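Trainee: Numbering (the numbering used here), first residue to last: 839 to 1078. The C-beta atom is built at its ideal place from N, Cα and C for all residues, glycine as well. Please read these numbers as outputs of a predicted model, since none were measured by experiment. This is the structure, below, for whatever I ask next.
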Ligand code: CO
């Protein structure tokens, strides 16, 4: 029996999360959840999937954490087709990550998105792990990017004694730095040279309330990047 809330969900919950299911049951619940979702969409609009299959023109690229509690569409109450998504542990935007750069390039230059949002979240396990000195395995190399953010802001972070406060402040500073990292890419800088309607934002999802906190670090041009990172775009074009 569905609750009123579940009935009103854009994408219904596939299974009751708190109930312990067997491995087979939890797998089957995904498939039956999919059928429920398809049925609900078709009931609303018999042409829903016909229209969806025609193509996508999302105006937003979301770069968020892989954490299962922060899905882009549900958090923003948007539908399939509205947000292009890239997620990794602790929403890192590293300039040598071909996966992230390919998504960014496609979103900016082909889809022509108007907003790129780096979305972190409070109580991020990746950020908490980066604050510790424990070894977790291969992921330690990924989390090194966040330790670098710590080093940049150690004067502030070293003074915070409460553990959760420190994690959540690093969550915020990490989003600011990753948004800044995006602005340093030639992908974003070239786009700003060619068009005016691209903005880079930094958000935090507070998973205690579900609400988004806009860190107001929006960037819409190459100003304030610093002379080290600002690229001579016209000179580059002349050599092509
Ligand atoms: Co996280």
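#1: If you draw a straight line from the alpha carbon of residue 850 to that of residue 1049, how long is it in whole angstroms?
#2: For the region 997-1037, list the alpha helix (DSSP H) runs that are entirely contained and at least 4 residues long, ordered along the chain.
#3: How big is the Cα-Cα spacing for residue 1070 and residue 899?
#4: In or out: residue 947 buried (at least 16 other Cβ within 10 Å) or exposed?
#5: Taking only heavy atoms of the ligand CO into account, decide whether any of them is closer than 8 Å to the Cβ of residue 983.
#6: So, helix, strand or coil for residue 943, using DSSP?
#7: Please list the terminal residues of the continuous alpha helix (DSSP H) segment that includes residue 983.
#8: How many Å lie between residue 913 and residue 962 at the Cα?
#9: Report buried or exposed for residue 974, applying the criterion of at least 16 other Cβ atoms within 10 angstroms of its Cβ.
#10: Indicate, with yes or no, if the ligand CO has a heavy atom lying under 8 Å from the CB of residue 913.
#11: Does the distance between the C-beta of residue 1057 and the nearest non-hydrogen atom of the ligand CO fall short of 8 Å?
#12: Is it the case that the CB of residue 1013 approaches a heavy atom of the ligand CO more closely than 8 Å?
#13: Among 1059, 1053 and 997, which residue has its Cα nearest to the Cα of residue 804?
Mentor: By the coordinates alone:
#1: Stepping through the chain shown from its first residue, residue 850 is reached at position 12. Stepping through the chain shown from its first residue, residue 1049 is reached at position 211. Caution applies to residue 850, whose pLDDT of 49 falls short of 50 and renders its modelled position unreliable; the value that the coordinates give is listed next. Residue 850 and residue 1049 have their C-alpha atoms roughly 20 Å apart.
#2: Whole alpha helix (DSSP H) segments, 4+ residues: 1001-1022 and 1024-1032.
#3: If you number the chain shown from 1, residue 1070 lands on position 232. If you number the chain shown from 1, residue 899 lands on position 61. Answer to the nearest angstrom: the Cα atoms are 26 Å apart.
#4: Within the chain shown, numbered from 1, the residue matching residue 947 stands at position 109. That one is exposed.
#5: Position 145 of the chain shown, counting from 1, holds the residue named residue 983. Not a single heavy atom of the ligand CO lies less than 8 Å from the C-beta of residue 983.
#6: Mapped onto the chain shown, residue 943 falls at position 105. Three-state result, residue 943: helix.
#7: Locating residue 983 in the chain shown gives position 145, where the first residue counts as 1. Residue 983 -> alpha helix (DSSP H) spans 977-990.
#8: Within the chain shown, the letter at position 75 stands for residue 913. Within the chain shown, the letter at position 124 stands for residue 962. Between the C-alpha atoms of residue 913 and residue 962 there is a straight-line separation of about 16 Å.
#9: Reading the chain shown from its first residue, position 136 is the one you call residue 974. Answer is exposed; the Cβ neighbour count stays below 16.
#10: In the chain shown, counting from the first residue as 1, residue 913 sits at position 75. Not so, every heavy atom of the ligand CO lies at least 8 Å from the Cβ.
#11: Within the chain shown, the letter at position 219 stands for residue 1057. Proximity of the beta carbon of residue 1057 to the ligand CO is not indicated: no heavy atom of the ligand is located closer than 8 Å.
#12: Position 175 of the chain shown, counted from the start, is the residue given in the question as residue 1013. Proximity of the beta carbon of residue 1013 to the ligand CO is not indicated: no heavy atom of the ligand is located closer than 8 Å.
#13: For the chain, the structure presents residues 839 to 1078; residue 804 sits outside this window and is missing.
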